[in-house]
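In what follows, a structure is listed as structure tokens, so that the remarks can point back to it.
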Amino acid sequence: MSDKIEFGNLTIEISQSDSEVIYRFVGDVDEHFRQKDVPRIKKPNITFLLEEINNFNSCGIREWIYLIRDIGEFGKLKFTRCSVTMIDQINMVPDSLGKGYVESFYAPYFCQCGGEVNRLIDVTANLGQLQNKQAPEFKCESCNKTLEFDALEESYFLFAEGALPKAS
Ligand SMILES: [Zn+2]
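Start counting the sequence shown at 10; every next residue gets the next number (the numbering used here).
Pasting the structure below:
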């Protein structure tokens, strides 16, 4: 079962199974976004798939915070495959996360050979490093050198302090 809603520059695809509802966000969260029109679906797990979420503007972020606050009441909320923009947003406005936690996210890297790449990082698997504000190491796929992290570790991994999954 899947469904789609559109708000100007943003599309939200909703799919669900017995225990989980997945909201996939594609595009910009801006003045066209109306959080009230996003269907609330009660499931044990609520997953926001955020690899294709783009820019937020101030109207969009206000609506987003309302959405997150409310939707977190319907199930356990997690953010997965967060885009770099999403992580910047969470770091600037921690309320963007609400009761949710980040399961995995993209981080920007570059190589001396000229390559730029966003690498997917699993929070649980890299917990210690992230809490110490150290970027996990990756090798360049073209030249095999160690990639350089392309942001400030202190600020990019800020969200990891408070946003980690509860120990189970
Ligand atoms: Zn390289």
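Note that CB positions come from ideal geometry on N, CA and C, so glycine has one too. Note that the structure is a prediction, hence the values are computed from the model and not measured.
- Rounded to the nearest angstrom, the Cβ distance from Arg33 to Ile21 is 7 Å, consistent with a contact under 8 Å.
- The distance from the Cβ of Phe119 to that of Leu156 is about 7 Å, consistent with a contact at the 8 Å cut-off.
- Residue side-chain check: Cys91 keeps its Cβ at 7 Å or more from all non-hydrogen atoms of ligand 1.
- Just so you know, the alpha carbons of Phe57 and Thr89 end up roughly 6 Å apart.
- Contact between Ser105 and Trp73 holds, with the beta-carbon distance rounding to 6 Å and staying under 8 Å.
- The beta carbon of Phe166 is closer than 6 Å to those of Leu139, Lys142 in its chain, skipping five residues each way along the sequence.
- Residue state for Glu61 is assigned as strand, using DSSP reduced to three classes.
- Restricted to the region 41 to 112, the beta strand (DSSP E) segments that are unbroken, complete and at least 3 residues in length are 54 to 65, 85 to 89, listed in chain order.
- DSSP places Leu19 in the uninterrupted beta strand (DSSP E) bounded by 19 to 25.
- For Ala144, the closest C-alpha among the options Pro117, Asn153, Ile62 is that of Pro117.
- Taken through DSSP and simplified to helix, strand or coil, Ala134 comes out as helix.
- In this structure, Gly84 places its C-beta atom within 8 Å of the C-beta atom of Ile55.
- Val47 and His41 have their alpha carbons spaced roughly 13 Å apart.
- Your pair Leu59 and Ser26 does not check out as a contact, with CB atoms roughly 19 Å apart and the cut at 8 Å.
- For Ser164, the enclosing alpha helix (DSSP H) has its first and last residue at 162 to 165.
- For ligand 1, the residues with a Cβ under 6 Å from any of its heavy atoms are, in chain order, Cys120, Cys122, Gly124, Cys149, Ser151, Cys152, Lys154.
- Of the candidates Val111, Gly109, Asp97, Asp97 places its Cα closest to the Cα of Glu163.
- Within the model, the alpha-carbon separation for Lys108 versus Asp12 is close to 25 Å.
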